[in-house]
Amino acid sequence: MLTLSQVNKRYPTGDRALTDIELTLPRGQVMALIGPSGAGKSTLIRCVNRLVEPTSGSIRLEETELTRLSGNALRRARRAMAMIFQEYALVDRLTVMENVLSGRLGYVGFWRSFLRRYPADDIAEAFRLLERVGLPHAMDKRADALSGGQRQRVGIARALIQRPRLLLVDEPTASLDPKTSRQIMRLIRELCAERKLAAIINIHDVALAQQFADRIVGLRAGEIVFDGKPGELDADT
Ligand code: ADP
Ligand code: ADP
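Residue numbers (the working numbering): 1 to 237.
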């Protein structure tokens with residue numbers, strides 16, 4: 001469903017973050033992107049949703065060439081790709097429920113959140129998602145009253161209410177303890193299976209990647225140095 005072909009990224013500073021990336025992600029596949037800090041993992045994810053402009057190459061999501069989009073067409077394409085962030089990126093002063101709804105409403109929701117008028121269907125869906133991620137009791141709490149693991153669950157619900165086909169997940173467990181990290185990875189894994197979502201998950205923890213991904217792609221200095229099943233990855237790769 002997602003194909004990267006000959007993708008290069010060179011930052012204005014001269015850093016070559018990605019070199020000739022070739023990658024095809026089938027529908028429903030959960031791919032872990034591993035590699036040392038500075039390998040280009042964040043850059044790759046950000047090229048897909050165009051937070052970063054690739055210097056050259058092609059990135060196709062189903063029939064759409066993403067690198068040529070702008071304006072409304074880009075906004076539409078981005079709706080199919082939901083981000084989950086390392087630091088959750090919740091709005092602290094809003095409630096858990098409002099944070100989830102913000103994923104559905106986007107720009108329009110910015111105004112609705114002042115007027116406190118949310119469509120009933122969206123509220124019902126947000127509540128179902130909060131039940132699914134285990135936080136229905138917290139819906140009226142402010143986001144900053146939650147623990148890190150709970151905040152990430154809200155981040156996951158906010159991504160899913162967007163009804164994406166692809167999840168782009170940047171170091172989802174980097175701020176979490178090992179047990180919470182496993183719970184979060186298991187939850188993402190299960191939700192991808194339930195909803196037939198493809199995912200690219202940047203993760204520096206190789207053991208977590210092996211436990212929860214269908215496929216592992218290793219990046220080093222902007223190049224793919226491994227692409228295979230979790231069991232095929234040697235400890236020293
Ligand atoms: P990773 O996510 O694997 O840690 P990054 O994609 O963040 O790797 O970085 C890849 C390379 O690109 C690094 O050399 C980094 O310094 C550089 N880089 C990342 N973002 C920028 C930026 N905004 N401007 C300049 N160089 C950047
Ligand atoms: P990560 O762990 O995801 O690589 P970093 O801490 O390296 O994140 O980078 C944090 C932010 O700084 C990112 O937005 C990244 O694009 C930017 N950045 C990283 N390296 C550079 C760089 N060499 N010059 C400018 N910005 C950078």
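In this text, a Cβ means the ideal position worked out from N, Cα and C, and glycines have one as well.
| query | What residues are listed by DSSP as bridge partners for Met81? | reply | Leu166
| In or out: Asp170 buried (at least 16 other Cβ within 10 Å) or exposed? | buried
| task | Below 6 Å CB to CB, which residues in the same chain sit around Leu23 once its five sequence neighbours on both sides are set aside? | result | Leu4
| field | Reference Asn49; option with closest CA among Gly222, Leu166 and Val217 | value | Leu166
| query | Taking the alpha carbon of Arg16 as the point to measure from, which residue in Ala32, Gly155, His204 and Thr43 has its own alpha carbon closest? | reply | Thr43
| request: Label Val150 either buried or exposed according to how many other C-beta atoms from any shown protein chain fall within 10 Å of its C-beta, with 16 as the threshold for buried. | output: Residue 150 is actually Gln in this sequence, not Val. Burial call: buried.
| query | With burial defined as no fewer than 16 other Cβ atoms inside 10 Å of the residue's Cβ, what is the status of Lys9: buried or exposed? | reply | buried
| message | Just to confirm my understanding: we take Ile224, look at its own chain, exclude 5 residues before and 5 after, and list those with CB closer than 8 Å. What are they? | response | Ile21, Glu22, Leu23, Val217 and Gly218
| query | Looking only at DSSP bridge pairs, what is Thr64 linked to? | reply | Leu61
| query | Going by alpha carbons, who is nearest to Phe212 out of Asn202, Met185 and Glu232? | reply | Of the candidates Asn202, Met185 and Glu232, the one whose C-alpha sits nearest the C-alpha of Phe212 is Met185.
| field | Within the region 113–184, ranges of the beta strand (DSSP E) (whole runs, at least 3 residues) | value | Counting only runs of 3+ residues, the beta strand (DSSP E) found wholly inside the region 113–184 occupies 166–170, in chain order.
| query | Can you tell me whether DSSP reads Glu53 as helix, strand or coil? | reply | coil
| Residue range of the beta strand (DSSP E) that Lys196 falls in? | Looking at the DSSP string, Lys196 is not in any beta strand (DSSP E), and its letter there is neither H nor E.
| Span of the alpha helix (DSSP H) holding Ile45? | Lys41 to Val48
| Hey, would you say the C-beta of Ala17 is under 8 Å away from at least one heavy atom of ligand 1? | yes
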